[in-house]
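Using the numbering used here, you'd call the opening residue of the sequence shown number 8 and step up by one each time. In what follows, a structure is listed as structure tokens, so that the remarks can point back to it.
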Amino acid sequence: MSTPPESAARYRTAVPLIVLSGAMAYSLKHGPQPLIPSMAATFSLTPAEGSLVVAAEMIGMSAVLLAIILWSDFLDRKRTTGLGLLASALLAVFIGETGNFPLIVLCRFFQGVLLGTFPALMVSYIREEFPAAQTGPLIGLYISSTAGGGMLGRMGTTLLTDHAGWQAAFLALGAVGIAVALLYLWRLPSASPRPAHPRRGSLKTLLPLLENRRLLLLSAIGFVLMGTFATIYTYITFVLLNPPYALTKTALAPIFLMQIFGSLGSFFTGRALARQSHGRLMFLGLGLMMGGALITLASPIAAKFIGLAVFISGLFTAHTTATSWIGRLDDVHDTAPAVSLYMLCYYIGGSVLAVLGGFAYAEVGWPAVIALIAAATLVAFVAALRLCRYPSAAGTAS
């Protein structure tokens with residue numbers, strides 16, 4: 008049961024900090040992604056080897072999300088996320104000072120572990136601390152902030168790398184992250200106390216989730232969403248940095264502004280959930296993803312930008328819808344473990360498809376990457392169709 012905020016002042020204090028921390032967490036998470044070509048050049052890596060910078064962080068996120076499924080009731084929402092953000096920022100500073108690629112990959116794994124506290128626990132904080140009527144729009148706003156943070160992180164590190172090197176980009180991410188984490192820990196209202204569930208902290212928590220077919224279908228969609236997102240954003244940078252486009256990193260930076268369409272998609276989807284079914288919005292999001300990916304196959308550079316913008320708006324429409332849908336399932340009684348399972352599949356998808364995309368790009372090129380993305384999106388369509396056949400699911404397509 009969600010707990011209403013103590014006062015309007017509490018609400019006004021919490022919302023900006025939720026937005027700011029979400030943006031910073033995802034800047035730390037996604038900011039290193041456009042650095043892969045530069046790091047690959049520094050350490051003489053193939054694209055698939057360079058993608059370990061992304062894959063290791065997602066594997067770390069996956070590991071901690073499994074722990075959150077089992078122990079969510081014992082985790083203080085504010086303290087766990089705030090300290091995780093602070094420690095991740097400190098690791099970014101350390102990465103900027105080291106010149107050892109295996110050590111960088113290890114640090115990115117631990118950054119994933121630390122940042123993995125955010126997705127499920129922040130959604131739980133919102134659902135537990137705010138009235139039910141406010142949770143849908145606020146979840147949309149939070150996810151919008153994560154898209155904006157990813158955009159600013161990618162764009163900022165791209166510009167810094169072009170002028171000062173990838174190490175400086177990590178140092179800057181870490182410095183800003185430390186400041187945001189300290190402000191968050193100082194000012195965010197503490198979460199309301201919750202009685203611990205007697206079954207938490209064991210596999211008995213996990214088994215009911217694995218028996219919930221609707222949740223598993225949503226988790227399969229999540230696998231596709233992050234997997235295709237990581238794949239298209241990682242390898243389109245290689246396409247645009249190489250001939251015939253041969254963009255400089257500064258000229259490439261505007262591609263990360265495309266994530267503003269993700270922020271807009273999340274924001275408007277959060278508001279639309281009060282009027283439209285979850286099913287319709289899910290199909291809209293997946294359709295935009297498929298169309299956007301196919302547009303990037305066209306040769307003009309404008310098509311690459313337009314296609315990416317369409318793809319990202321669709322992806323965040325689908326992601327916001329799926330996250331809200333989990334909380335509306337009538338057989339899910341605890342949001343944190345359920346969202347953690349969804350996010351676990353979400354980041355496993357990012358790890359698996361990003362690496363597969365590297366092999367596809369190295370062997371065939373960009374058309375093979377888009378073929379992989381299109382096939383995965385079709386799987387998500389099938390999962391969404393099956394999900395909408397359950398008449399008791401909140402927000403079906405009817």
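Idealized CB from N, CA, C, for every residue including glycine.
Just list the beta strand (DSSP E) runs in the stretch 215-241, keeping only unbroken ones of 3 residues or longer that don't cross its boundaries, in chain order. The stretch 215-241 contains no whole beta strand (DSSP E) run of 3 or more residues.
Please decide whether Gly156 counts as near chain D, where near means a Cβ-Cβ distance under 8 Å. Looking at the structure shown, chain D is missing, and only one protein chain is on hand.
Any contact of the stretch 68-82 with the stretch 109-128, i.e. 3+ C-beta pairs under 8 Å? Judged by Cβ distances under 8 Å, the stretch 68-82 makes contact with the stretch 109-128, as three or more pairs qualify.
Which whole runs of the beta strand (DSSP E) in the stretch 32-91 are 3 residues long or more, in chain order? Runs found: none.
Do you know how far the Cα of Thr276 is from the Cα of Ala227? One Cα belongs to Ala227, the other to Thr276, and the distance between them is close to 20 Å.
Please report the residue range of the alpha helix (DSSP H) in which Ser266 lies. The amino acid at residue 266 is misidentified as Ser; the sequence shows Gln. Per DSSP, Gln266 lies in no alpha helix (DSSP H) segment and is marked neither H nor E.
Run through the stretch 251-331 for me and flag every whole beta strand (DSSP E) of 3 or more residues, listed as ranges in chain order. None, since the stretch 251-331 contains no complete beta strand (DSSP E) of that length.
Ignore the nearest five residues each way along the sequence and tell me which others in Tyr191's own chain have a CB closer than 6 Å to its CB. The answer, listed in chain order, is Leu24, Ser28 and Gly89.
Ser198 by DSSP, collapsed to three states: which one? It is worth fixing the name first, because residue 198 is Ala in this sequence and not Ser. Note: Ala198 maps to coil in three-state DSSP.
For the stretch 329-396, list the beta strand (DSSP E) runs that are entirely contained and at least 3 residues long, ordered along the chain. List check, beta strand (DSSP E) in window: nothing returned.
What number of angstroms, rounded off, separates the C-alpha of Ser197 from the C-alpha of Asp83? Spanning the two alpha carbons is a distance of roughly 9 Å.
Option in Phe312, Phe290 and Met289 with minimal Cα separation from Ala300: Among Phe312, Phe290 and Met289, the Cα nearest to that of Ala300 is on Phe312.
Using the rule of at least 16 other Cβ atoms within 10 Å of the residue's Cβ for burial, across every protein chain shown, is Phe116 buried or exposed? A buried status is given to Phe116, since no fewer than 16 other beta-carbon atoms sit within 10 Å of its beta-carbon.
Is the stretch 101-116 in contact with the stretch 48-66, if contact means three or more CB pairs nearer than 8 Å? Flag = yes, the stretch 101-116 and the stretch 48-66 touch.
Looking at Ala343: is its Cβ nearer than 8 Å to the Cβ of Leu128? For the pair Ala343 and Leu128, the CB atoms are nearer than the 8 Å cut-off.
For Trp144, does the three-state DSSP call read helix, strand or coil? In the sequence as displayed, the identity of residue 144 is Pro instead of Trp. Collapsing the DSSP output to three states places Pro144 in a helix.
Where Gly160 and Gly229 are concerned, what is the direct C-alpha to C-alpha distance, given to the nearest angstrom? Cα atoms of Gly160 and Gly229: separation of roughly 22 Å, rounded to the nearest angstrom.
Can you have a look at Leu35 and say buried or exposed, based on whether 16 or more other CB atoms are within 10 angstroms of its CB? It counts as buried.
Anyone know if the C-beta pair for Ile76 and Leu216 falls short of 8 Å? Yes. Within cutoff.
Could you tell me the distance, in whole angstroms, from the CA atom of Leu100 to the CA atom of Val60? The question names Leu, yet the displayed sequence has Val at residue 100. So the alpha carbons of these two residues sit roughly 15 Å apart.
Return the chain-ordered list of same chain residues with a C-beta closer than 6 Å to the C-beta of Phe50, the five sequence neighbours on each side being excluded. Result list for Phe50: Phe108, in chain order.
On the criterion of 16 or more Cβ atoms from any shown chain inside 10 Å, does Gly106 qualify as buried, or is it exposed? Counting Cβ neighbours within 10 Å, Gly106 comes out exposed, since fewer than 16 surround it.
Below 8 Å, how does it come out for the stretch 230-242 and the stretch 352-370: are there three or more Cβ pairs, yes or no? The stretch 230-242 is in contact with the stretch 352-370.
Using 8 Å for Cβ pairs, my map puts Ser151 next to Phe268. What's the rounded Cβ distance? Taking C-beta atoms under 8 Å as the contact rule, Ser151 and Phe268 fail to qualify, at a distance of about 11 Å.
Got a sec? Which residues, its chain only, sit under 7 Å from Ile308 by beta carbon, not counting five neighbours each side? Cβ neighbours of Ile308 beyond the five flanking positions: Tyr252.
Pick out whichever of Thr303, Thr241 and Leu97 has its Cα sitting closest to the Cα of Pro39. Per the C-alpha coordinates, the member of Thr303, Thr241 and Leu97 positioned closest to Pro39 is Thr241.
Residue burial classification, Val359 (beta-carbon count within 10 angstroms, cutoff 16): Buried, by the Cβ-count rule.
Measure the C-alpha to C-alpha separation of Pro41 and Lys256 and round it to an integer number of angstroms. Near 9 Å, if we compare the C-alpha coordinates of Lys256 and Pro41.
When the Cα atoms are used, what is the spatial distance from Arg396 to Trp173? So the two alpha carbons sit approximately 48 Å from each other.
Tell me the residue span of the alpha helix (DSSP H) that contains Pro109. From DSSP, the alpha helix (DSSP H) with Pro109 extends over Phe108 to Leu122.
Neighbourhood of Gly365 by C-beta, 6 Å cutoff - its chain only, sequence neighbours within 5 removed: Sequence-distant Cβ neighbours of Gly365 in its own chain, meaning closer than 6 Å and more than five residues away, are Pro54, Ala55 and Ser58.
List the whole-angstrom C-beta distance separating Ile133 from Thr327, where the pair is believed to meet the contact cut-off of C-beta under 8 Å. Ile133 to Thr327, Cβ: 13 Å. No contact.
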